[in-house]
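Here's the structure we're looking at; comments come further down.
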Amino acid sequence: MIMQKEYLDDMKEHIMGMDEKEFKKRGTTKEAVLSSSDIMERLWCMYQNDVEDYGCDKEFSLCDAVNEVIGAVPVEETGGLLWNGVAT
274 MIMQKEYLDD MKEHIMGMDE KEFKKRGTTK EAVLSSSDIM ERLWCMYQND
324 VEDYGCDKEF SLCDAVNEVI GAVPVEETGG LLWNGVAT
């Protein structure tokens with residue numbers, strides 16, 4: 274797969290638009306994620322792969338990549354995970 278910068282730009286925009294509390298829940302910060310070239314590359318690759326190879330929509334793929342790379346949020350009440358604001 275040839276990496277396309279537009280996907281990296283989309284991911285950066287998505288992360289910048291996320292509330293800082295979403296990062297705190299995952300044990301990190303927005304700044305730490307954005308400044309880590311390793312994390313950003315993994316987010317970029319997963320996002321682009323979801324869209325191009327699996328035909329997933331972009332909004333789903335952005336959230337999916339974040340959850341896969343920096344972790345889904347545990348939901349204590351259900352014992353499940355919180356994905357995109359919905360307990361599973």
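274 is the number of the first residue of the sequence shown in our numbering; add one for each residue after it.
C-beta: ideal position from N, C-alpha, C; glycine also.
Small disclaimer: the values here were computed from a predicted structure and weren't measured.
Distance CB(residue 283)-CB(residue 316) smaller than 8 Å:
no
If you drop the 5 nearest sequence neighbours on each side, which residues of the same chain put their C-beta closer than 8 Å to that of residue 341?
Excluding positions up to five away in sequence, the list reads 319.
Measure the C-alpha to C-alpha separation of residue 312 and residue 304 and round it to an integer number of angstroms.
12 Å
Distance, Cα to Cα, residue 272 vs residue 275?
What the structure shows of the chain is the stretch from 274 to 361, and residue 272 is not part of that stretch, so it cannot be assessed.
Quick one: what does DSSP say residue 277 is sitting in, helix, strand or coil?
coil
Do you know how far the Cα of residue 300 is from the Cα of residue 361?
Below a pLDDT of 50, predicted positions are generally treated as unreliable, and residue 361, at 47, falls in that range; no measurement from the model is reported.
Quick one: what does DSSP say residue 336 is sitting in, helix, strand or coil?
helix
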